[in-house]
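Protein chains in written order, with the working numbering: chain A, 13 to 174; chain B, 85 to 469.
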Amino acid sequence: MMYTEKVIEHFRNPRNMGKLEGYSAVGKVGNIVCGDVMWLYIKVEEDAEGREVISDISWETFGCTAAIATSSMVSELAKGKTLPEAIAITNQDVASELGGLPPVKMHCSALAADALNEAIYEYLKGHGREIPPVLKRRHERLEAEMKKLEERYRAFLEEAGS
Amino acid sequence: MDPDPIYLDNSATTPLAGEVIASMEPYFSDEYGNASSLHRFGRRAHAAIEEARASLAETIGVEPSEIVFTSGATEADNLAIKGLAFAHPEKRHIVTSRIEHHAVLHACRWLEERGYEVTYLDVDRAGRVEPEAVKEAIRDDTLLVSIMAGNNEIGTIEPIGEIGEICKERGVPFHTDAGQAYGKVDIPAGSVDLLSVSAHKLNGPKGVGFLYVRKGIRLSPLLSGGGHERGLRSGTENVPGIVGLAAAARLAFSERETVVPRLRGFRERLIEGVMRIPGVRLNGDRKESLPHIVNFSFAGIEGESLVMRLDERGIAASTGSACSSPNLEPSHVLVAIRVPLSMAHGSLRISTGRQTTEEEVDRFLEVIPSVVEELRAISPFKVEG
Chain A
13 MMYTEKVIEH FRNPRNMGKL EGYSAVGKVG NIVCGDVMWL YIKVEEDAEG REVISDISWE
73 TFGCTAAIAT SSMVSELAKG KTLPEAIAIT NQDVASELGG LPPVKMHCSA LAADALNEAI
133 YEYLKGHGRE IPPVLKRRHE RLEAEMKKLE ERYRAFLEEA GS
Chain B
85 MDPDPIYLDN SATTPLAGEV IASMEPYFSD EYGNASSLHR FGRRAHAAIE EARASLAETI
145 GVEPSEIVFT SGATEADNLA IKGLAFAHPE KRHIVTSRIE HHAVLHACRW LEERGYEVTY
205 LDVDRAGRVE PEAVKEAIRD DTLLVSIMAG NNEIGTIEPI GEIGEICKER GVPFHTDAGQ
265 AYGKVDIPAG SVDLLSVSAH KLNGPKGVGF LYVRKGIRLS PLLSGGGHER GLRSGTENVP
325 GIVGLAAAAR LAFSERETVV PRLRGFRERL IEGVMRIPGV RLNGDRKESL PHIVNFSFAG
385 IEGESLVMRL DERGIAASTG SACSSPNLEP SHVLVAIRVP LSMAHGSLRI STGRQTTEEE
445 VDRFLEVIPS VVEELRAISP FKVEG
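Here you go:
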C-alpha cells in the first residue's frame, strides 16, 4: 500500500491537532472497535460582514496514517470557511487535496468529512437553528451506520470485556 | 530517515546471511545444470540438492528421503493439508486452531467450502492450544490435526510434543507449521508426521522451503509434471534456493546456542522497557515463547500509525492492526486470545534476528515512549500516566 507524499507530509506534521479551547461544537465520528475515531472541534464566529465562519478548528484522532492525514487536511480546508462553504466540503475534496488515497483507505476521508459535518450539525442544533436537509440526511445516515456497527461488534465487545 | 535503519521485523522476513549468499553464488553462475540431466552439469546439481536434503534431514533427525522441497512454507502447508485430503478422500474432518498462519487456515477453509468439516480450536489467553481439546476434537473420520509450532504474531509456543502423542495414539496424522520455530526452539520431529519450513525466516532466500513427510504418510501432489521430489512436487528444482536453505539451516543450528539466549535476553529487555510505558499490554506468553517475537498493545493509539512513526525514526516493525490489513479486520490471532478490539488495533510486533544488536534494542526503547506519547497526544483517548 502506497501513500502519497502529501499524505505522509500531513501525517508527519499534522495541522491543527489537539483539543480546541473554547470551542463552539464538536463532531464525534467513528468507533474504536473498527479502528478509527475522529473528534473535530470548531469555533464559529461572525466575520466583519456578519457571516458565520469557522474561525478556528482542531481535532483528535485515533487511527491510521490516512485517518491522521485526512483529519489534518479537513481542518485546513474548513478553517476560515463560512458554514455553507464548510458543509459543501466532501470526502472527495479531502482525498484529492491529499493527492489521492489507497482505495482501502477512502473511508478515512469519509470519516473526516463526516466529522466536519457532525460538528456543524451539533453547532446548529445547540443554537436551536434550522438544519439544512443535506446536513440532516448525513447525520441520520451516520447514526444508522453507527447502530449497525454496534450490532455487528456486540458479540466481540462482550467477549472482549475484560 | 535516520542513517542506520533498525530492522525489527524478522518474523516478516530476514536478511540473507553472508555465508548463505556465498553458498548460493556458484549455482547462479557456473553450476547451472538441471538436476534431472544425465550429464555432469546435471549430476553436480543433483549432488548439491541431495547434500542439502541430507543436512536438512539431520537438523530434525529424520531420513533425507522424508524431505520434500517446496517454494516455501505456504506451499508446504498446502501440500500437507490438501495433499493428504486428496489421498484420503474418505476422511472428511480436520482439526486446527484459530491462531494458525493463513496458509493453514485458508487451506482448511478451501476444503471446508468443498464439504469438509473443520474444527477450529480455541486457545487460552496466552495463545496456547490445550492438548486435551485436540483429543476431544478427534473423530473417526479425522484426516489431520494441524497445529503450528510457534505463533508468528505473538510468539507463543504450542505443546507440539503432547499433541503429537495424542495424534499418534489415535492414528491421526499430525502436521505442524514450523516456519517461525525451526532453528529457534527444539521441535520433537518424532511426534510429528508433517512439518513445514521456510528458508527466508531463517536468513535464507525467499521462494524455497521444505515439507517433512514421515515415511508411510501418503500425499497426492498438488502439481502435475515431471515427477520431481518423488512425484510429490513436480518442477525443476530451485537449486540455488535449496542450497541456500540448507546453508541457512546449518548456520542457524550451529549458532543456536549463542543466538537464542541472546534473542531471549533482548525479548526480556524489550518487555521490561516497554511495559514501563502506561497503558501497555503484552500479547502472548512471557515465558513459553519463541525467543525472537514479542507483541504489545498500546491503549489509545492505532498500530499502523505507530509503525509509520517508527519507520520515520528508522525503525522497522509491524502491527496486527485492522488498518494495516487488506480486509480491515484486526489480526485473527489477537482476536482469538481475546485482546479487546480497541487494544488489538494498537498492536506492535517486534521481532529480532541474529543480526540484531543490543544497541538497536536500546535505540528502540529510547524512541518508543516519545512515539507513543506523540500519537496519544493527538488521540481522543487519553491514557493516565
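For glycine and all other residues, C-beta sits at the position ideal for the given N, C-alpha and C.
>> Taking CB distances under 9 Å as the criterion, tell me whether A/A156 reaches chain B.
In response: Not an interface residue.
> Is there contact here, the stretch 274 to 291 of chain B with the stretch 240 to 252 of chain B, by at least three beta-carbon pairs under 8 Å?
Replying inline: These segments touch.
> What is the DSSP secondary structure of A/F23, counted as helix, strand or coil?
Replying inline: It is helical.
> Under 9 Å between the Cβ atoms of B/L168 and B/R346?
Replying inline: No, they are not a contact pair.
>> Along the stretch 59 to 87 of chain A, where does the CB come closer than 7 Å to a CB of chain B? Name the residues.
In response: In summary, the residues of the stretch 59 to 87 of chain A whose CB is separated from some CB of chain B by less than 7 Å are E72, T73, F74, G75, C76, T77 and I80, in the order they occur in the chain.
>> If the cut-off is 9 Å on Cβ atoms, which residues from the stretch 20 to 40 of chain A count as contacting chain B, listed in chain order?
In response: Listed by position along the chain: I20, F23, R24, P26, M29, G30, K31 and K40.
> Between B/E253, B/A187 and B/E216, which lies nearest to B/D161 when the distance is taken from Cα to Cα?
Replying inline: Nearest option by C-alpha distance: B/A187.
>> When you compare the CB positions of B/V456 and B/L390, do they come within less than 9 Å of one another, or not?
In response: B/L390 is positioned such that its CB atom lies closer than 9 Å to that of B/V456.
> Would you call A/K159 buried or exposed, if buried means 16 or more other Cβ atoms sit within 10 Å of its Cβ?
Replying inline: In summary, A/K159 is exposed, with fewer than 16 beta-carbon neighbours lying within 10 Å of its beta-carbon over all protein chains present.
> Can you tell which of B/G239, B/L307 and B/S107 has the C-alpha that lies nearest to the C-alpha of B/S51?
Replying inline: The structure shown does not extend to residue 51 of chain B, since chain B spans only 85 to 469, so no value can be given for it.
> Residues bridged to B/I434 by DSSP?
Replying inline: Its beta-bridge partners are B/V378.
>> Contact between the stretch 219 to 239 of chain B and the stretch 255 to 274 of chain B is defined here as three or more beta-carbon pairs at a separation below 8 Å; is this criterion met?
In response: Contact holds between the stretch 219 to 239 of chain B and the stretch 255 to 274 of chain B, because three or more Cβ pairs, one in each stretch, are under 8 Å apart.
>> I'd like to know whether the C-beta of B/A400 is nearer than 9 Å to at least one C-beta of chain A.
In response: Judged by the 9 Å Cβ criterion, B/A400 is not in contact with chain A.
> Buried or exposed: where does A/V41 fall if 16 or more other Cβ atoms within 10 Å of its Cβ makes it buried?
Replying inline: Counting Cβ neighbours within 10 Å, A/V41 comes out buried, since at least 16 surround it.
>> Against chain B, with Cβ distances strictly below 9 Å, would A/D126 count as a contact?
In response: Judged by the 9 Å Cβ criterion, A/D126 is not in contact with chain B.
>> Give me, in chain order, the residues of the same chain whose beta-carbon lies closer than 6 Å to that of B/L329; leave out the 5 immediate sequence neighbours on both sides.
In response: Closer than 6 Å at Cβ, skipping near neighbours: A283, G288 and V292.
> According to DSSP, is A/D68 helix, strand or coil?
Replying inline: Strand.
> In chain order, what residues of the same chain lie with their CB nearer than 6 Å to the CB of B/A383, ignoring the 5 residues before and after it?
Replying inline: G363 and V467.
> Should B/A333 and B/E103 be called a contact, given that it needs their Cβ atoms to be closer than 9 Å?
Replying inline: Not a contact, by the Cβ cut-off of 9 Å.
> A/A172 by DSSP, collapsed to three states: which one?
Replying inline: Residue placement at A/A172 is poorly supported in this model, since its pLDDT is 46, which falls under 50; the coordinates still yield a value, given next. In the three-state scheme derived from DSSP, where H, G and I count as helix and E and B as strand, A/A172 is classed as coil.
>> Going by C-alpha to C-alpha distance, which of A/I101, A/E152 and A/A81 sits closest to A/K117?
In response: Ranked by how close their Cα comes to the Cα of A/K117, the residues A/I101, A/E152 and A/A81 have A/A81 in first place.
> If you measure beta-carbon to beta-carbon, which residues of the stretch 455 to 468 of chain B are closer than 8 Å to chain A?
Replying inline: Answer in chain order: A461, I462, S463, P464 and F465.
>> Once DSSP output is grouped into helix, strand and coil, what is the label at A/V116?
In response: Looking at A/V116 - three-state DSSP - the assignment turns out to be helix.
>> According to DSSP, simplified to helix, strand and coil, what is A/L154?
In response: DSSP places A/L154 in helix when its eight states are reduced to three.
> Under 9 Å between C-beta atoms, does B/S426 make it to chain A?
Replying inline: Yes - at least one Cβ of chain A is within 9 Å of the one on B/S426.
> Using a C-beta cutoff of 9 Å, does B/H429 count as contacting chain A?
Replying inline: Interface annotation, B/H429: in contact with chain A, CB-CB separation under 9 Å.
> Is the CB of B/P89 under 9 Å away from at least one CB in chain A?
Replying inline: Chain A, which has no Cβ nearer than 9 Å to the Cβ of B/P89, makes this no.
> So which residues of chain B does A/G111 contact, with C-beta pairs closer than 7 Å?
Replying inline: The contacting residues do not exist; A/G111 stays about 17 Å from chain B at best.
> Tell me which same chain residues have a C-beta within less than 7 Å of the C-beta of B/G319, skipping the five on either side of it?
Replying inline: A distance below 7 Å between beta-carbons, with the five flanking residues on each side excluded, links B/G319 to the following residues of its chain, in chain order: L307, G309 and H312.
>> Any beta carbon of chain A sitting closer than 9 Å to that of B/A210?
In response: Contacts with chain A at 9 Å (Cβ-Cβ) do not include B/A210.
>> Given the structure, does A/A81 come close to the ligand NAP, in the sense that its CB is under 8 Å from one of the ligand's heavy atoms?
In response: For the ligand NAP, the structure offers nothing, since it holds no ligand at all.
>> Give me, in chain order, the residues of the same chain whose beta-carbon lies closer than 7 Å to that of A/T16; leave out the 5 immediate sequence neighbours on both sides.
In response: Excluding positions up to five away in sequence, the list reads L110, G111 and G112.
> What whole-angstrom Cβ distance do A/S70 and A/N28 have, given they're in contact under 8 Å?
Replying inline: Confirmed, Cβ separation roughly 5 Å.
> Just how far apart, CA to CA, sit B/L279 and B/N236?
Replying inline: Their Cα atoms are separated by approximately 15 Å.
> Where in the stretch 109 to 180 of chain B do unbroken runs of the beta strand (DSSP E), each at least 3 residues long, occur, reported from the N-terminal end onward?
Replying inline: The qualifying runs are 151 to 154.
>> So, under 8 Å CB-CB, B/I503 and B/N379 are touching, yes? Tell me the CB distance rounded to an integer number of Å.
In response: Here chain B has residues from 85 to 469 only, and residue 503 of chain B is not among them.
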